[in-house]
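Asker: Numbering follows full-length UniProt numbering, in which position 116 of the sequence shown is assigned residue number 116; successive positions increment by one, without gaps.
Before I ask anything, let me first share the structure, which is written out below as structure tokens.
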Amino acid sequence: SAIYELSCEAYKHLGKTSNYYWIDPDGSGTLGPLNVYCNMTEDKVWTTVYHDLQMQTSVGGNSMEKLSVLQLNYNATMDQISAITSSAEYCEQFISYSCKMSRLLNTPEGNPYTWWVGKANEKHYYWGGSGPGIQKCACGIERNCTDPKYYCNCDADYKQWRKDSGMLSYKEHLPVSQVVVGDLDRPGSEAKVSVGPVRCQGDRNYWNAASFVISSSYLHFSTFQGETSADISFYFKTSASDGVFLENLGNTDFIKLELKSATEVSFSFDVGNGPVEIVVRSPNPLNDDQWHRVNAERNVKQASLQVDQLPLEVRKAPTEGHTRLELYSQLYVGAAGSQRGFLGCIRSLRMNGVTLDLEERAKVTPGVKPGCSGHCTSYGMYCANGGKCVEKYNGYSCDCSRTAYDGPFCIKDVGAFFEEGMWLRYNFHSPGTSVKDLVSRTLLSSADPEITAPDLNLNKEELSFSFSTTKSPCVLLYVSSYTPDFMAVLVNPKGNLQIRYNLGGTKEPYNIDIDHRNMANGQPHTVNVTRNGRDIVLQLDHYPPTSYSLPATSDIQFNSPKALFLGRVLEIGKIDEDIYKYSTPGFTGCLSRVQFNQIAPLKAALRPTNASSHVHIQGELVESNCGASPLTIPPMSAATDPWHLDSASADFPYNGQAIGDGVNRNSAIIGGVIAVVIFTILCTLVFLIRYMFRHKGTYHTNEAKGAESAESADAAIMNNDPNFTETIDESKKEWLI
């Protein structure tokens with residue numbers, strides 16, 4: 001049975017984030033497991049397979065040979081890559097040719113100088129940005145080549161460096177296995193070739209589904225060929241308590257999978273020795289309208305049945321007797337013969353490694369609909385931090401727009417580094433609208449829509465963010481109003497946190513002081529403040545929440561909130577003296593995932609959303625996760641990570657687990673401790689101190705390198721694309737502050 005998932009799409013639906021994973025692309029296990037990089041973006045899942053050809057590989061220069069052949073070796077077989085490309089919705093591979101007096105394709109009629117070899121060893125005479133049968137480069141399609149007489153920049157044969165590059169996206173031709181460069185035998189001819197990894201998106205097999213809406217309806221396929229071995233897997237979802245999933249009959253032989261009751265799945269067959277039945281009983285109902293996975297296998301030695309993660313039920317075959325399963329009828333999916341059929345959805349049905357196209361067959365079958373809705377009931381739990389699950393025809397996605405996070409599961413902090421004097425203001429009313437601006441009203445009121453007061457007075461607030469700084473005093477966050485009311489989170493001159501409320505009715509603002517902890521220690525800290533009427537609950541880092549109460553005379557309405565400030569407070573009118581003092585010269589450090597009720601000001605500033613018009617920034621806001629708590633440093637790239645296990649040398653399989661970037665850190669830590677002890681004995685105190693500082697230094701460099709390489713992994717692939725180089729500069733800036 002498959003111990004690896006079939007695709008990156010399947011890992012995403014286990015709530016996994018971007019990483020290297022082992023997949024079994026054809027589901028049968030015959031092609032062997034394959035290690036790929038799964039990039040889980042907000043709305044798509046990309047599978048990436050790498051090869052060993054260096055970017056900008058030089059060819060020619062001094063060679064007299066007529067042809068130069070560049071071979072690409074992938075960390076996968078061609079059959080494995082074909083299994084990925086055939087089930088994907090879209091695939092692409094970047095290819096680039098830089099030339100100096102080295103022509104590329106020649107005219108559409110002439111013989112090409114250079115070509116590439118793809119799947120099934122076929123030669124192809126089109127280049128990146130163009131398509132099959134068109135002997136042109138991207139500039140020839142867009143009609144902007146260096147010399148309009150030619151269809152590639154390189155074909156102009158200039159003495160200066162020129163370039164033709166673009167995406168090859170006809171997936172039936174991918175991957176590129178060779179590039180053959182031809183025009184190199186003249187003095188001064190030089191060329192450089194770059195080929196990116198194969199990237200595929202979507203998994204058509206994983207979501208190939210049918211909905212059975214009438215219990216007598218069924219889909220039929222040609223007879224199942226499973227004489228000596230049968231491997232059947234699928235997902236089902238139903239609210240009915242019983243029904244037949246599939247059946248195939250012979251004269252007396254048969255094979256059948258069914259839901260016998262709300263808690264029982266049965267696999268039965270007869271190969272001529274009498275009927276055999278294996279039943280898996282679930283402690284929880286299986287008709288809960290959630291996806292459940294069934295895997296049934298039968299060979300000459302034994303048969304087995306597994307449902308979800310429940311224990312595998314195995315039945316050994318008799319030592320003597322018949323072993324061949326002889327079937328004649330068609331394979332029925334859904335109602336078979338006179339039995340009660342199945343009501344609900346079946347998807348990703350694979351029989352001996354082949355995915356049956358349920359969707360296509362359902363289009364022409366009455367009582368069965370292609371596709372299936374309601375994925376959020378099964379996968380909505382992966383949308384974290386208030387992210388909303390959105391139904392899609394193929395699966396689901398998480399909508400993080402009402403949160404201070406982003407990423408595929410709304411778990412990636414959006415944060416920034418603030419230089420001294422930099423500030424951000426979020427206006428609760430968009431410019432040019434009345435105080436009764438509807439968008440702001442709904443966002444400002446807390447999650448329940450009925451609390452939206454027409455004149456925008458708040459009876460409750462929810463504030464959460466994380467920060468790190470080494471400078472005190474400072475104002476972390478300030479909410480102003482059109483009245484004297486305000487709310488502020490400060491770090492006082494001693495480095496202690498203070499929450500300050502002024503809602504009217506008291507002579508002095510109400511302060512909550514956390515005296516016994518230094519918050520300006522450069523470490524990330526988390527702050528959560530919730531006020532409901534008079535009651536305030538504060539939670540700091542991992543400490544238990546503490547409750548406070550506003551004085552009896554205090555008003556409990558925050559009247560007419562106006563704006564939220566980060567970094568510095570620059571507000572017209574009278575400002576609290578301490579806040580004015582603490583706010584100059586301004587906050588230096590990091591703020592992350594700031595959220596006030598349903599407003600996320602930092603995210604509005606860093607991501608274009610419909611709330612971005614509310615934001616005003618003074619100075620340069622540099623995105624960074626340095627204030628994220630707990631500290632979330634992106635995983636290092638394979639190149640910079642000393643713990644990275646090279647997938648080529650890893651011949652032991654991982655049981656469907658992500659290959660983390662910390663292989664056996666425990667032994668490393670123990671080794672380090674022993675080393676330090678020996679060091680203490682042998683060396684003086686001075687050496688010990690130097691030793692510690694040196695380690696501190698390397699930790700910081702690794703951290704920076706890790707973030708930089710993670711930010712620019714794609715940029716490295718697209719190393720000639722100006723849009724991508726910007727990303728690299730950004731990430732460098734982030735760490736060079």
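Each residue gets a CB set at the ideal place from its N, CA and C atoms; glycine is no exception.
On a predicted model such as this, the values are computed, not experimentally measured, just so you know.
Rounded to a whole number of angstroms, what is the C-alpha to C-alpha distance between E92 and S613?
Answerer: Here residue 92 corresponds to residue number 92 of the sequence shown, with the count starting at 1. Here residue 613 corresponds to residue number 613 of the sequence shown, with the count starting at 1. Their Cα atoms are separated by approximately 36 Å.
Asker: What residue from D485, Y328, S401, N511 has the CA that sits closest to residue 747's CA?
Answerer: This structure cannot settle anything about residue 747, because the visible part of the chain is limited to 1 through 737.
Asker: Taking C-alpha atoms, which residue in V300, A335, V314 lies nearest to residue 748?
Answerer: An answer regarding residue 748 cannot be provided, because it is not within the stretch 1 to 737 covered by the chain.
Asker: Looking at the strands, I want to know which residues DSSP matches up with W22.
Answerer: The count along the sequence shown starts at 1 and reaches residue 22 at position 22. N35, per the DSSP bridge assignment.
Asker: Looking only at C-alpha atoms, which of Y405, K192, C145 sits nearest to L70?
Answerer: For the purposes of this step, residue 70 is taken as the residue at position 70 of the sequence shown. The candidate whose alpha carbon is nearest that of L70 is K192.
Asker: In the structure shown, what three-state DSSP assignment does S130 receive?
Answerer: Position 130 of the sequence shown, counted from the first residue, corresponds to residue 130. S130 falls in the coil class under three-state DSSP.
Asker: So what's Y74 in DSSP terms, helix, strand or just coil?
Answerer: Looking up residue 74 in the sequence shown gives position 74. Looking at Y74 - three-state DSSP - the assignment turns out to be strand.
Asker: For my contact list, K12 and P408 are in at a C-beta cut-off of 8 Å; report their separation, rounded to the angstrom.
Answerer: As a working mapping, residue 12 is identified with position 12 in the sequence shown. As a working mapping, residue 408 is identified with position 408 in the sequence shown. About 7 Å separates the two Cβ atoms, so the contact holds.
Asker: Can you check the stretch 324-392 for any beta strand (DSSP E) of at least 3 residues that lies completely inside it and give the ranges in chain order?
Answerer: Runs found: 331-334, 344-351, 368-370, 388-392.
Asker: On the DSSP letters alone, give me the boundaries of the beta strand (DSSP E) that D399 sits inside.
Answerer: By one-based count along the sequence shown, residue 399 stands at place 399. Looking at the DSSP string, the run of the beta strand (DSSP E) that includes D399 is 395-399.
Asker: Alpha carbon to alpha carbon, how far is P601 from C398? Give it in angstroms, no decimals.
Answerer: Counted from its first residue, the sequence shown places residue 398 at position 398. Counted from its first residue, the sequence shown places residue 601 at position 601. Computed Cα separation, rounded: 20 Å.
Asker: Of the choices Y478, S211, R500, whose alpha-carbon is the least far from that of residue 758?
Answerer: In the structure as shown, the chain starts at 1 and stops at 737, and residue 758 therefore has no counterpart that could be examined.
Asker: Pull the bridge partners of T546 from the DSSP assignment, please.
Answerer: For the purposes of this step, residue 546 is identified with residue 546 of the sequence shown, where counting begins at 1. Answer is L538, bridged to T546.
Asker: Can you tell me which of R534, N502, H429 puts its alpha carbon nearest to the alpha carbon of I575?
Answerer: Here the question's residue 575 lines up with position 575 in the sequence shown. The residue with the shortest Cα to Cα distance from I575 is N502.
Asker: By the three-class DSSP mapping on this structure, what secondary structure does A628 have?
Answerer: In the sequence shown, counting from the first residue as 1, residue 628 sits at position 628. The answer is coil: DSSP assigns A628 none of H, G, I, E or B.
Asker: So residue 757 and P524 are supposed to be a Cβ contact under 8 Å. How far apart are they, rounded?
Answerer: Residue 757 is absent from the model: the chain starts at 1 and stops at 737.
Asker: Looking only at its chain, what residues have a beta carbon closer than 6 Å to the beta carbon of C99, apart from the 5 residues adjacent to it on each side?
Answerer: Position 99 of the sequence shown holds residue 99. Counting only Cβ-Cβ distances below 6 Å, and skipping sequence neighbours, we find C154, R162, A191.
Asker: Check G140 in the structure and name its three-state DSSP category.
Answerer: Working through the sequence shown from its first residue, we reach residue 140 at position 140. The answer is helix: DSSP assigns G140 an H, G or I state.
Asker: Just how far apart, CA to CA, sit E462 and E620?
Answerer: Position 462 of the sequence shown, counted from the start, is the residue given in the question as residue 462. Position 620 of the sequence shown, counted from the start, is the residue given in the question as residue 620. Rounded to the nearest whole angstrom, the C-alpha separation of E462 and E620 is 28 Å.
Asker: Taking the DSSP output, what are the residues bridged to K119?
Answerer: Here residue 119 is taken as the residue at index 119 of the sequence shown, counted from 1. None; K119 has no bridge partner.
Asker: On the DSSP letters alone, give me the boundaries of the beta strand (DSSP E) that A303 sits inside.
Answerer: As a position in the sequence shown, residue 303 is number 303, starting the count at 1. Start and end: 302-307.
Asker: With a CB to CB cut of under 8 Å and the five nearest residues on each side skipped, what residues in its chain are close to T228?
Answerer: Counted from its first residue, the sequence shown places residue 228 at position 228. Correct list, in chain order: N299, V300, T323, R324, L325.
Asker: Please classify P473: is it buried, with 16 or more other beta-carbons within 10 angstroms of its beta-carbon, or exposed?
Answerer: Sequence index remark: in the sequence shown, residue 473 carries index 473 (1-based). That one is buried.
Asker: Please work out which residues of its chain come closer than 8 Å, Cβ to Cβ, to T483, disregarding the five sequence neighbours upstream and downstream, and give them in chain order.
Answerer: Position 483 of the sequence shown, counted from the start, is the residue given in the question as residue 483. Result list for T483: G504, N559, S560, in chain order.
Asker: For Y235, which residues from the same chain have a beta carbon less than 6 Å from its beta carbon, with the 5 sequence-adjacent residues on both sides left out?
Answerer: In the sequence shown, counting from the first residue as 1, residue 235 sits at position 235. Once the five neighbours on either side are set aside, the close Cβ partners of Y235 are W291, R293, R347, S348.
Asker: With a floor of 3 residues, list each beta strand (DSSP E) that falls wholly inside the stretch 444-517, ordered by position along the chain.
Answerer: 460-468, 474-481, 486-491, 497-502, 510-514
Asker: Report the partner residues of V181 according to the DSSP bridge assignment.
Answerer: Taking the sequence shown and counting its residues from 1, one reaches residue 181 at position 181. DSSP, once it has assigned bridges, lists S68 as partnering V181.
Asker: Count the other CB atoms within 10 Å of the CB of R315; is the residue buried (16 or more) or exposed (fewer)?
Answerer: Within the sequence shown, residue 315 is the residue found at index 315, counting from 1. Per the 10 Å Cβ criterion, exposed.
Asker: State the CB to CB distance for the pair W127 and C152, rounded to an integer number of angstroms; the pair is presumed to be in contact (CB under 8 Å).
Answerer: Here residue 127 corresponds to residue number 127 of the sequence shown, with the count starting at 1. Here residue 152 corresponds to residue number 152 of the sequence shown, with the count starting at 1. That belief holds up - the Cβ atoms of W127 and C152 are roughly 7 Å apart, short of 8 Å.
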